[in-house]
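Shown next, in structure tokens, is the structure this report addresses.
Numbering (our numbering), first residue to last: 8 to 443.
Pasting the structure below:
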């Protein structure tokens, strides 16, 4: 297939999306379809179309171009007085689902590479199971649990589990060489894990966390022996019990506790223990800072998980795109986030306590970094010393919140993420230029 033809198909795909939205809008006017059902109809149509993209385009770059154009269109539809955009944004709760869906399509296709089941299965779950759960919950849901400022139902989660289980079995049978017994066990774990991720997501973040989480989970565990899968399931169950017990003692809501345990489990499931220590310390530091120096954010516990996910998936995608392992830079970024949150928590402490505590935090960062060096393979693309990079990041993140504490009262997590990324990201990009 020629490049011009692929470009034409890409722009035609955007036209198809806009046409679908217009049709749904007209049907809604004619038959009085509510906003949630309109959104789900567009969601299903978009998701089904996204599932055929690997076969529709000969190359990957037109898909990435399509994602970029779609994101631009979605932003335009968010402008005030956009009648067509009301099809997506007529729901009262704030949601970023449309934007995150487009990002997930591009990122999943990129990370799946040639293993298409890693793309098709998460997209099918996001498209079909999520829609079925939402419609079942809104129609038949009676047992409600809180999710941020919204609600979900036990009935919807049960439907999600069943539909996901069937989708997983069918996809794995048709697209992988796994043995039937392995497929059943993997599918049960995919359904359980996916149901929990969907249940704890908010503001449309399930359109990102669900497919990316399933993709990473499958890429790491799909080929594992049965015994290891059972051990992983037991660990997950014990983690849920532990967080459920600890959450009330540290002031976490039930929803935040479920988000935390899902995050920690995913970190431990997809990376080596030494590489999961730093992001877990970020969660602990945030719990401390939230109590010692409350932010103006309405849902700070959920914000830190979203920020940590952005950093984690961002470094993963950047490392895959460049072919240079970015795990060391990811670890330093996470340690910087942890230091910044600890510094925020120390704002009201005495000067002596601040200094001694920050020294302890710095030594902890050094110890975590030393363990990572000891257990991780040495990178081959960066010959420069990493210790000055770590020390510089710790210094910036430790001093800045103490110098301008009021700056971190609003949008705290966003500012912490940007500040902690600055030195590692610039250094990484420079190192890539030097190696090239």
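All residues carry an ideal CB built from backbone N, CA and C; glycine is no exception.
Bear in mind that the values here come from a model prediction, so they are computed numbers and not experimental data.
Could you check whether residue j and residue i sit closer than 7 Å to each other, using their CB atoms as the reference points?
i           : j           : result
residue 167 : residue 140 : yes
residue 367 : residue 409 : no
residue 325 : residue 333 : yes
residue 292 : residue 370 : no
residue 115 : residue 218 : yes
residue 28  : residue 51  : no
residue 171 : residue 54  : no
residue 118 : residue 274 : no
residue 404 : residue 335 : no
residue 17  : residue 73  : yes
residue 269 : residue 203 : yes
residue 182 : residue 124 : yes
residue 412 : residue 354 : yes
residue 352 : residue 304 : no
residue 306 : residue 322 : no
residue 70  : residue 60  : yes
For residue i and residue j, I'd like the C-alpha separation in whole angstroms.
i           : j           : result
residue 241 : residue 234 : 11 Å
residue 280 : residue 286 : 11 Å
residue 345 : residue 420 : 11 Å
residue 175 : residue 342 : 36 Å
residue 144 : residue 213 : 16 Å
residue 62  : residue 148 : 38 Å
residue 194 : residue 299 : 42 Å
residue 112 : residue 253 : 36 Å
residue 244 : residue 200 : 11 Å
residue 284 : residue 318 : 15 Å
residue 278 : residue 30  : 44 Å
residue 255 : residue 264 : 9 Å
residue 129 : residue 224 : 10 Å
residue 11  : residue 76  : 16 Å
residue 425 : residue 32  : 39 Å
residue 177 : residue 331 : 35 Å
residue 320 : residue 313 : 10 Å
residue 311 : residue 47  : 28 Å
residue 378 : residue 372 : 10 Å
residue 105 : residue 358 : 47 Å
residue 282 : residue 185 : 29 Å
residue 301 : residue 416 : 8 Å
residue 288 : residue 227 : 23 Å
residue 159 : residue 249 : 23 Å
residue 25  : residue 163 : 29 Å
residue 68  : residue 251 : 44 Å
residue 423 : residue 138 : 34 Å
residue 231 : residue 437 : 37 Å
residue 407 : residue 380 : 27 Å
residue 190 : residue 142 : 28 Å
residue 418 : residue 364 : 25 Å
Buried or exposed for residue i, please, with buried defined as at least 16 other CB atoms from any protein chain shown within 10 angstroms of its CB.
i           : result
residue 57  : buried
residue 45  : buried
residue 37  : exposed
residue 19  : exposed
residue 180 : exposed
residue 151 : exposed
residue 360 : exposed
residue 207 : buried
residue 414 : exposed
residue 431 : buried
residue 22  : exposed
residue 15  : exposed
residue 127 : buried
residue 427 : buried
residue 120 : exposed
Just to check my reading of the structure: residue i and residue j have Cβ atoms closer than 8 Å, yes? What is that Cβ distance to the nearest angstrom?
i           : j           : result
residue 266 : residue 309 : 6 Å
residue 400 : residue 362 : Rounded, the Cβ-Cβ distance is 19 Å, inconsistent with contact.
residue 65  : residue 13  : 7 Å
residue 216 : residue 110 : Not really, about 11 Å apart at Cβ, beyond 8 Å.
residue 397 : residue 434 : With 8 Å as the limit, residue 397 and residue 434 do not qualify as a contact, their Cβ atoms being about 11 Å apart.
residue 239 : residue 192 : The Cβ separation is near 10 Å, so there is no contact.
residue 329 : residue 196 : Residue 329 to residue 196, Cβ: 31 Å. No contact.
Could you check whether the Cβ of residue i sits closer than 7 Å to any Cβ belonging to chain C?
i           : result
residue 188 : As a matter of chain content, chain C is missing from the structure shown, which is built from one protein chain.
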